[in-house]
Amino acid sequence: MSLPVYVILNNLLMPTLSSRENLTSYKQQVAQRFDRAAVTYDVYARFQQQVLERLFQVLPQMTVDSVLDLGTGTGRAIPLLRSLFSPNRLLAMDLSQQMLSQARIGVHSQETSFICADAEALPFADETFDLVLSSLALQWCLRPDVLFDGLYQAVKPGGYIVFSTLCHGSMPQIDQAWKSLDDNIHVNQYSTYASLLEQVSKGGWAVTAAALESITMWFDSPEEAIDSIKKVGAGLVTGQAPKGMSPSKWRAFLQQYAQLRQAAGVPLSYQVAFIVAQKPC
Numbered sequence: 001m002s003l004p005v006y007v008i009l010n011n012l013l014m015p016t017l018s019s020r021e022n023l024t025s026y027k028q029q030v031a032q033r034f035d036r037a038a039v040t041y042d043v044y045a046r047f048q049q050q051v052l053e054r055l056f057q058v059l060p061q062m063t064v065d066s067v068l069d070l071g072t073g074t075g076r077a078i079p080l081l082r083s084l085f086s087p088n089r090l091l092a093m094d095l096s097q098q099m100l101s102q103a104r105i106g107v108h109s110q111e112t113s114f115i116c117a118d119a120e121a122l123p124f125a126d127e128t129f130d131l132v133l134s135s136l137a138l139q140w141c142l143r144p145d146v147l148f149d150g151l152y153q154a155v156k157p158g159g160y161i162v163f164s165t166l167c168h169g170s171m172p173q174i175d176q177a178w179k180s181l182d183d184n185i186h187v188n189q190y191s192t193y194a195s196l197l198e199q200v201s202k203g204g205w206a207v208t209a210a211a212l213e214s215i216t217m218w219f220d221s222p223e224e225a226i227d228s229i230k231k232v233g234a235g236l237v238t239g240q241a242p243k244g245m246s247p248s249k250w251r252a253f254l255q256q257y258a259q260l261r262q263a264a265g266v267p268l269s270y271q272v273a274f275i276v277a278q279k280p281c
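Rendered as structure tokens:
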């Protein structure tokens with residue numbers, strides 16, 4: 001019998017900067033959540049696939065000898081990177097061991113190395129990579145200064161980071177559906193686009209291309225929209241309702257969400273930043 005799902009949704013809310021002592025626990029919970037979703041990820045990752053395909057459209061023309069797929073998940077970017085660049089070294093990294101296991105199964109390549117590590121504690125020598133690609137992974141990092149400084153050290157002069165990440169204003173439908181029921185925060189509070197660009201620049205990077213795009217996915221029901229989050233590991237599932245939550249309140253949320261239905265279905269929208277940044281030579 002499956003556990004009841006009274007959860008919202010992308011949360012595990014991120015710790016605030018005042019609770020950095022909880023960073024290790026937070027990262028462990030993130031890894032565990034993605035571990036649990038590894039076998040269902042590819043079935044539900046329609047949004048993630050769309051963003052990945054869009055990210056490949058902004059990749060610069062370049063020669064790549066060594067590339068890191070940061071937050072590889074089930075490894076969907078690996079064959080695309082190999083086909084596009086034919087790198088001598090391709091390394092796929094993720095915080096989740098189970099995601100890496102799925103990636104190994106799907107890739108069937110002896111030419112790809114896999115490593116389980118944290119993006120905020122990169123285990124690489126300086127100037128290792130020509131390119132770091134990351135799709136919808138960096139929003140789980142809490143310390144942008146540490147993140148972009150670490151990437152700067154790991155990339156060769158003249159090399160690039162190319163990434164997509166969520167920005168402020170993502171999943172407004174979930175927020176709207178809850179507003180009539182309580183005043184709690186039910187979705188992560190992501191960085192604004194302007195703040196993200198500032199964080200990248202502070203890390204020493206030269207932003208060569210950047211765009212903020214609104215992407216709306218459509219579903220047959222609120223439950224299906226929620227599954228698109230939960231089944232890819234982006235929601236915390238517990239065996240009991242969160243404090244203050246009840247089955248009746250959860251049903252009330254679903255009813256409120258259903259009222260947002262349009263002709264195309266039940267919407268779930270994201271603000272996605274696509275960033276290309278170069279390390280100066």
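So the sequence shown is residues 1 to 281, counted in full-length UniProt numbering.
Think of the CB as a built atom: it goes at the ideal place given N, C-alpha and C, for glycine as much as any other residue.
In this structure L142 is not in contact with D118, their Cβ atoms being roughly 11 Å apart against a cut-off of 8 Å. Where S221 is concerned, there is no enclosing alpha helix (DSSP H), because DSSP gives it neither an H nor an E.
Between the segment 33-52 and the segment 91-107 there are three or more inter-stretch CB-CB distances shorter than 8 Å, so the stretches are counted as touching. Distance between I105 and T74, taken at the CA atoms: about 9 Å. A direct Cα-Cα distance of roughly 44 Å separates V200 from S248.
Inter-residue distance for I161 and A277 is about 5 Å (C-alpha atoms, whole angstroms). Leaving aside the five residues that flank D42 on each side, the residues in its chain whose CB is nearer than 7 Å to its CB run, in chain order, T74.
A Cβ-Cβ distance of about 7 Å is found for the pair S135 and G71, placing them in contact under the 8 Å criterion.
In the DSSP assignment, R54 falls within the alpha helix (DSSP H) that extends over 46-57. Take the alpha-carbon of A103 and the one of P87: they are about 18 Å apart.
Taking a contact as a CB-CB distance under 8 Å, the pair V155 and F129 counts as one, their CB atoms being some 5 Å apart. In the DSSP annotation of this structure, the continuous segment of the alpha helix (DSSP H) that includes V107 starts and ends at 97-107.
C-alpha of P79 to C-alpha of A177: approximately 39 Å in a straight line.
Taking Q139 as the centre and dropping the five residues before and after it, the same chain places the C-beta of T165, L166, Y190 closer than 7 Å to its C-beta, in chain order.
Taking the C-beta atoms as reference points, V64 is found nearer than 7 Å to L131. Note on S113: under 16 other CB atoms within 10 angstroms of its CB, so exposed under the neighbour-count rule.
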